[in-house]
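**Q** Residue numbers (full-length UniProt numbering), protein chains in the order written: chain A, 1 to 161; chain B, 1 to 331.
Before I ask anything, let me first share the structure, which is written out below as structure tokens.
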Amino acid sequence: MVSIRKSIARGGYRLGCRLLPVLPKWPGELALVKFLNVQLAEELEEGEFDFLEGRVLEIAVIDFRISLRMGKSGARFVRAPASAITDAAIAAKAVDFLAIASGREDPDTLFFHRRLSISGDTELGLTAKNRLDAIDRSRLPQRAQRWLVLIAGALADAAAK
Amino acid sequence: MELVCPAGGLPALEAAIDNGADAVYIGFNDDTNARNFGGLNFNDRSALRALERIRSRGRKLFVAINTYAKPGSFSRWQAAVDRAADLSADAMIMADIGLMEYARDKYPKLSLHLSVQASATSVAALEFYRRQFGIRRAVLPRVLSLKQVQQLAAGSRVELEVFGFGSLCIMAEGRCHLSSYVTGESPNLNGVCSPARAVEWRNGANGLETRLNGVLIDRFADNENAGYPTLCKGRFVVDGKRQHALEEPTSLNSMALLPELKAAGIQAIKLEGRQRSPAYVAQVVRTWREAIDEVLQRGADFLVKERWRGTLAKNSEGKQTTLGAYDRPWQ
Ligand code: SF4
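If you want it as structure tokens, here you go:
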């Protein structure tokens with residue numbers, strides 16, 4: 001069971017590396033923004049992401065060679081318009097982003113070890129990191145949480161090869 | 001020995017509770033506390049939630065109001081004390097004597113802990129704070145050697161809390177002027193050393209360069225670990241040699257000293273890192289919980305386990321952990 005999961009992860013990972021850079025990136029941005037708007041509705045309402053208003057945050061997944069750019073307008077996260085300049089960028093490999101999202105790794109630790117980088121407006125990048133850390137993960141649907149942990153673990157194993 | 005753990009948000013607070021914290025310390029989301037970073041810390045609502053979670057699990061909540069009030073804005077610091085008192089927090093961690101007087105007069109029943117920002121390093125200083133403001137506990141600066149900690153413990157009439165683990169601020173704790181020299185903002189007045197707005201990381205031809213308010217602090221080759229650019233941990237050319245002139249970017253780890261600290265009568269161990277994520281809090285708190293339980297059981301036979309060492313090394317700034325200032329033979 002474990003080895004099947006590992007080989008799926010490894011196969012999926014290789015496919016992702018090859019396929020993702022050549023696909024258009026708007027579906028990914030749209031999916032990300034939509035997901036965040038649903039999951040973080042409460043936080044948005046409380047103004048906890050107001051610091052993103054009119055700014056552009058870029059999330060660069062280095063190994064997939066994709067970068068998703070988002071901002072906030074009114075009470076919603078939005079895709080950043082192509083003409084807008086990136087204010088801050090956070091870059092890491094997919095496995096490390098997933099490790100952060102699933103609570104396996106601490107972003108500062110990854111930063112010290114040069115596996116995560118922040119460029120541009122540091123304050124914007126750090127504020128985004130702190131706000132994401134403050135999100136109650138237990139509010140995510142159980143299934144999404146389990147998947148996140150599973151995928152993060154499998155990818156970490158695959159990357160260790 | 002009480003294990004006192006950091007939380008910059010609710011998930012970190014829960015991670016601390018789940019992994020064995022006896023007490024958790026938090027701050028409000030402004031410059032009344034010494035970890036004043038965007039997106040970090042608690043507003044009234046999340047502080048209330050924090051309190052509920054702490055109470056339901058039978059732990060303690062400390063609130064850090066440990067910066068110095070600025071002229072003309074004392075009322076905001078007073079309001080922070082009122083908010084902490086409304087929460088009926090188990091203790092307030094403070095450094096400003098004006099604020100301590102306010103807290104003592106208005107809330108005589110509330111426990112006061114002297115913050116590390118006050119930098120009290122002698123029995124006389126501790127006595128002063130005890131007599132004037134009735135402090136119950138003091139957090140000792142990280143600049144002290146073990147021998148100095150032992151001497152203080154022998155003469156002190158208040159409980160003592162010592163740093164166990166975390167990023168190192170090695171100078172005179174709150175009295176350091178390096179950050180305000182370069183950025184105009186200091187830990188004691190603005191709650192932040194090296195504010196994020198002044199920090200810049202840029203990949204250059206010679207590696208990753210980090211600047212503080214435009215001043216080059218350090219340059220990292222691709223295989224080198226990076227750190228947060230505090231001026232004290234930068235590399236500078238001194239006598240023609242590029243080196244860490246003031247301090248190397250290491251984290252403090254006093255775990256190996258646990259038996260001595262316990263024998264000296266130290267009442268609490270503090271972990272640094274309110275700016276870190278729940279993942280850090282979970283790993284570091286669990287490690288220290290196990291270590292403290294072990295030292296309580298085995299006393300002088302206590303040995304630091306390899307597994308603990310590994311976890312702490314992974315989570316520390318600059319990777320290697322040392323005994324820090326607790327082991328300065330020249331002191
Ligand atoms: S510059 Fe270094 S010693 Fe000074 S306050 Fe900042 S971390 Fe502490």
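Even glycine gets a Cβ: it sits at the ideal position worked out from N, Cα and C.
My understanding is that Gln-267/B touches Arg-137/B, with C-beta atoms under 8 angstroms, so please give their C-beta distance in whole angstroms.
**A** Right, their Cβ atoms sit about 7 angstroms apart.
**Q** Quick check on Phe-111/A - is its C-beta less than 8 angstroms from some C-beta in chain B?
**A** Yes, its Cβ sits closer than 8 angstroms to a Cβ of chain B.
**Q** Per the DSSP calculation, Gly-120/A is bridged to which residue(s)?
**A** Gly-120/A is bridged to Ala-88/A.
**Q** What span of residues does the beta strand (DSSP E) with Val-61/A cover, start to end?
**A** Looking at the DSSP string, the run of the beta strand (DSSP E) that includes Val-61/A is 57–61.
**Q** Could you tell me whether the Cβ of Arg-114/A comes closer than 8 angstroms to any Cβ of chain B?
**A** At least one chain B Cβ lies under 8 angstroms of Arg-114/A.
**Q** Say yes only if the C-beta of Ser-316/B is nearer than 7 angstroms to one or more non-hydrogen atoms of the ligand SF4, and no if none qualify.
**A** For the ligand SF4, not one heavy atom lies less than 7 angstroms from the Cβ of Ser-316/B.
**Q** Taking 7 angstroms as the cut-off, is the C-beta of Thr-127/A nearer than that to any heavy atom in the ligand SF4?
**A** No, the beta carbon of Thr-127/A sits no closer than 7 angstroms to any heavy atom of the ligand SF4.
**Q** Within the region 87–115 of chain B, note down every full alpha helix (DSSP H) run reaching 4 residues or more, in order along the chain.
**A** List check, alpha helix (DSSP H) in window: 97–106.
**Q** Inspect the beta-carbon positions of Phe-163/B and Lys-270/B and report whether they are closer than 8 angstroms.
**A** In contact: Phe-163/B and Lys-270/B (Cβ atoms closer than 8 angstroms).
**Q** Check whether the Cβ atoms of Glu-36/A and Gly-38/B sit closer than 8 angstroms, and answer yes or no.
**A** Looking at the sequence provided, one finds Leu at residue 36/A rather than Glu. No, Cβ-Cβ distance for Leu-36/A and Gly-38/B is not below 8 angstroms.
**Q** Would you tell me roughly how many angstroms separate the C-alpha atoms of Asn-41/B and Val-158/B, rounded to the nearest one?
**A** Near 28 angstroms, if we compare the C-alpha coordinates of Val-158/B and Asn-41/B.
**Q** In whole angstroms, what is the alpha-carbon distance linking Thr-122/A and Asp-133/A?
**A** Cα to Cα, Thr-122/A sits roughly 16 angstroms from Asp-133/A.
**Q** So which residues on chain A does Leu-10/B lean against when the C-beta distance must stay under 8 angstroms?
**A** By Cβ distance, chain A contributes Ala-134, Asp-136.
**Q** Rounded to the nearest angstrom, what separates Asp-301/B and Leu-261/B at their Cα positions?
**A** Between Asp-301/B and Leu-261/B, the C-alpha separation is close to 14 angstroms.
**Q** My output table needs one value for Leu-178/B: the three-state DSSP class, helix, strand or coil.
**A** Helix at Leu-178/B.
**Q** Looking at the ligand SF4, does it come within less than 7 angstroms of Leu-13/B, judged from the CB to the closest heavy atom?
**A** Leu-13/B: no, Cβ never under 7 angstroms from the ligand SF4.
**Q** Helix, strand or coil for Val-304/B per DSSP?
**A** Coil at Val-304/B, not helix or strand.
**Q** Is any beta-carbon of chain A found at less than 8 angstroms from that of Lys-233/B?
**A** Chain A, which has no Cβ nearer than 8 angstroms to the Cβ of Lys-233/B, makes this no.
**Q** Please state whether the Cβ-Cβ distance between Ala-264/B and Ala-153/B is less than 8 angstroms.
**A** In contact: Ala-264/B and Ala-153/B (Cβ atoms closer than 8 angstroms).
**Q** Does the distance from the CB of Leu-13/B to the CB of Ala-47/B come in under 8 angstroms?
**A** Their beta carbons are not under 8 angstroms apart, which means Leu-13/B does not touch Ala-47/B by this criterion.
**Q** Determine the direct distance from the alpha carbon of Ala-291/B to that of Trp-330/B, and round the result to whole angstroms.
**A** In this predicted model, Trp-330/B has a pLDDT of only 48, less than 50, meaning its place in the structure is not dependable; the value taken from the coordinates is given anyway. One C-alpha to the other measures close to 29 angstroms.
**Q** Considering Cα atoms alone, identify which of Met-1/B, Glu-317/B, Val-284/B is closest to Arg-307/B.
**A** Ranking the options by Cα distance to Arg-307/B, first place goes to Val-284/B.
**Q** Which of the residues in the region 209–226 of chain B, read from start to end, lie with their CB under 9 angstroms from any CB of chain A?
**A** Residues passing the 9 angstroms Cβ filter: Phe-220, Asp-222, Asn-223, Glu-224, Asn-225, Ala-226.
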